[in-house]
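In what follows, a structure is listed as structure tokens, so that the remarks can point back to it.
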Amino acid sequence: MSGASGMIIIGAGECGVRAAFALREEGYGGPVTLIGAEPHLPYERPPLSKGAAAGAQKIIAGESRYDEAGITLRRATRVERIEANRRQVALSDGTTHAYDKLLIATGAQARRFPGMEAARTLRSLDDAEAILAAFRPGARLAVVGGGFIGLELAATARERHVDVTVIEAADRLMARIVPAALAAMFEARHRAEGVALLLSATVASVGEEGVVLADGRHVEADLVVAGVGAAPDTQLAEQAGLAVGDGILVDHRLQTADASIFAAGDCCNFPYRGGRVRLESWRCAQDQGTHAARAMLGADEAFSRTPWFWSDQYDLGLQVAGLPDPARPFIRRDLAGGALILFQLGDDGALLSASGAGPGNAVAKQISIAEKMIQRAVPVSAGQLADTGTNLKSLLKG
Ligand SMILES: Cc1cc2nc3c(=O)[nH]c(=O)nc-3n(C[C@H](O)[C@H](O)[C@H](O)COP(=O)(O)OP(=O)(O)OC[C@H]3O[C@@H](n4cnc5c(N)ncnc54)[C@H](O)[C@@H]3O)c2cc1C
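Using my numbering, read the sequence shown as starting at 14 and increasing by one per residue.
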């Protein structure tokens with residue numbers, strides 16, 4: 014057993030890395046150990062599925078930065094067990110390490126539904142390298158799932174002249190969070206790029222030849238990738254007796270019911286606007302990493318940052334701030350060049366969500382202002398939001 018305890022972070026992904034550096038930025042001088050199961054230097058996941066750079070490793074920080082910050086990075090090392098009563102973790106190399114405070118930032122794992130066992134999934138650099146290696150002109154790719162990752166991969170494949178079929182069980186794309194009018198823009202674009210989109214189509218099985226659909230149709234493919242969502246990696250927490258729902262349950266500080274253990278990023282389920290959510294979002298993982306570090310050092314602040322995420326497919330950019338509620342009406346704001354933003358108001362008369370899409374960064378500025386409006390609960394009317402003559406910045410300033 015190692016001697017000095019300190020801060021231990023399980024999971025060297027976006028959240029864990031941010032938390033490790035944030036501990037130092039907040040002035041913590043004790044040992045910080047970041048333990049990651051993957052062999053690589055911690056890297057960014059969003060580029061793995063996107064465009065020309067897909068499959069290439071973009072590291073979060075160079076090795077020397079960990080050394081300079083006094084962060085012990087243990088790669089290719091898995092935490093096998095949390096022994097909460099002894100405040101220690103047991104590692105795959107057989108050692109145990111004591112902690113004062115522990116952060117679980119184990120992220121999520123790609124799902125597969127029954128029948129899809131033979132499909133590949135895309136979560137890690139190794140996954141991306143294996144998938145991208147099969148992208149040769151004329152190769153046939155079947156993507157199961159018309160969500161962000163599947164569609165980004167479809168776009169990347171088309172850019173490399175791969176034949177692509179996307180199979181989606183719902184009657185439209187990105188149904189989980191993206192408003193229908195924006196999803197339709199992406200549907201049209203994928204079709205125009207030559208992607209065969211099979212909507213309302215359910216997979217019966219995946220095999221060597223491709224995909225068999227529930228209605229008996231066959232989709233022949235050299236490679237099948239399932240992009241049907243991710244499940245939070247909660248195994249360690251469950252074994253340690255921590256409460257788990259859809260993710261590890263934490264309070265407003267990102268603390269679990271064990272005062273020494275925190276959870277953050279894709280693996281955690283946290284309070285948001287009177288309910289609870291789990292997000293799979295790059296920026297949320299970062300924000301929560303910083304927040305968890307501060308909380309581990311004793312800060313009592315509620316995590317309240319407005320959710321924000323993006324997707325890039327071909328040259329179309331999508332951004333969403335807040336969490337769209339499918340039951341509420343959308344207020345439409347048409348921008349130049351075919352870009353579109355859809356707003357939603359909450360019961361309090363303040364902005365609840367803003368979702369936008371268009372060429373390149375066409376919606377970035379306005380979504381960024383909208384995000385601040387959501388965060389500050391600025392009162393606003395539907396007419397002001399719809400009127401392109403009304404500057405959002407002026408609404409923000411009130
Ligand atoms: C292909 C792809 C594209 C994406 N694109 C976008 C995008 O465009 N926009 C956006 O907002 N988000 C995007 N995301 C989501 C974003 O990358 C995640 O929200 C973010 O990576 C979550 O960070 P995390 O640190 O919580 O988890 P992860 O990044 O998953 O890191 C968790 C780490 O913990 C390790 N681990 C797990 N268990 C153990 C253990 N027992 N011991 C040691 N280590 C362990 C895992 O190996 C992993 O490295 C994308 C994700 C993928 C996969």
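Even for Gly, the Cβ is constructed at its ideal location relative to N, Cα and C.
- Going by DSSP, residue 276 is part of the beta strand (DSSP E) stretching over 274-276.
- Between residue 306 and residue 35, the C-beta spacing is below 9 Å.
- When DSSP assignments are scanned along the segment 259-313, the uninterrupted stretches of beta strand (DSSP E) that are 3 or more residues long and fall wholly within it turn out to be 260-262, 274-276, 281-285 and 288-290.
- Judged by beta-carbon spacing, residue 161 lies within the 9 Å limit of residue 187, meaning their Cβ atoms are closer than that value.
- Per DSSP, the continuous beta strand (DSSP E) segment holding residue 85 begins and ends at 84-87.
- The segment 84-103 and the segment 189-209 do not touch, with fewer than 3 CB-CB distances between them shorter than 8 Å.
- Between ligand 1 and the CB of residue 274, the shortest heavy atom gap is not smaller than 8 Å.
- A straight line joining the alpha-carbon of residue 88 with that of residue 141 spans about 19 Å.
- When the five nearest sequence neighbours on each side are left out, the beta carbons in the same chain lying within less than 7 Å of the beta carbon of residue 280 are those of 117, 118, 119, 120, 121, 245, 246, 247, 260 and 261, in order along the chain.
- For ligand 1, no non-hydrogen atom lies closer than 8 Å to the CB of residue 366.
- Per DSSP, the continuous beta strand (DSSP E) segment holding residue 356 begins and ends at 353-358.
- In the displayed model, residue 145 falls within a helix according to three-state DSSP.
- No Cβ-Cβ contact shorter than 9 Å links residue 241 with residue 128.
- For residue 406, the enclosing alpha helix (DSSP H) covers residues 405-410.
- DSSP places residue 101 within a strand segment (E or B) once states are collapsed to three.
- Taking non-hydrogen atoms of ligand 1 into account, the C-beta of residue 337 is found less than 8 Å away from none of them.
- Contiguous beta strand (DSSP E) elements confined to the segment 358-409 occur at 364-372, taking only those with 3 or more residues.
- Taking a C-beta distance under 9 Å as the contact criterion, residue 257 and residue 283 do not qualify as a contact pair.
- Residue 189 is classed as exposed because its beta carbon has fewer than 16 other beta carbons within 10 Å across all chains shown.
- The Cβ-Cβ distance between residue 46 and residue 73 does not fall below 9 Å.
- Separation of residue 86 and residue 344 (C-alpha to C-alpha, rounded to the nearest whole angstrom) is 47 Å.
- A residue is called buried once 16 or more other Cβ atoms fall within 10 Å of its Cβ, and residue 378, having fewer, is exposed.
- The distance from the Cβ of residue 111 to that of residue 18 is about 4 Å, consistent with a contact at the 8 Å cut-off.
- Rounded to the nearest angstrom, the gap between the Cα atoms of residue 332 and residue 195 is 10 Å.
- Taking the CA atoms as reference points, residue 220 sits about 23 Å from residue 165.
- Judged by their CB atoms, residue 275 and residue 115 are nearer to each other than the 9 Å cut-off.
- In the structure shown, residue 111 falls within a strand segment according to DSSP collapsed to helix, strand and coil.
- By the Cβ neighbour-count rule, residue 26 is buried, with 16 or more other Cβ atoms within 10 Å of its own.
- Under the 8 Å Cβ criterion, the segment 355-368 counts as touching the segment 390-399, having at least three qualifying pairs.
- Distances taken from the Cβ of residue 325 to the heavy atoms of ligand 1 include one shorter than 8 Å.
- Sequence-distant partners of residue 32 (beyond 5 residues in either direction) whose C-beta falls short of 6 Å from its own C-beta, in its chain, are 22, 116, 302, 305 and 306.
- DSSP places residue 57 in the coil class of the three-state scheme, outside both helix and strand.
- Separation of residue 231 and residue 223 (C-alpha to C-alpha, rounded to the nearest whole angstrom) is 7 Å.
- Going by DSSP, residue 77 is part of the alpha helix (DSSP H) stretching over 76-81.
- Contact check for residue 151 and residue 184: beta-carbon distance about 30 Å, past the 8 Å limit, so the pair fails to qualify.
- With 16 or more other Cβ atoms from the protein chains shown falling within 10 Å of its own Cβ, residue 384 counts as buried.
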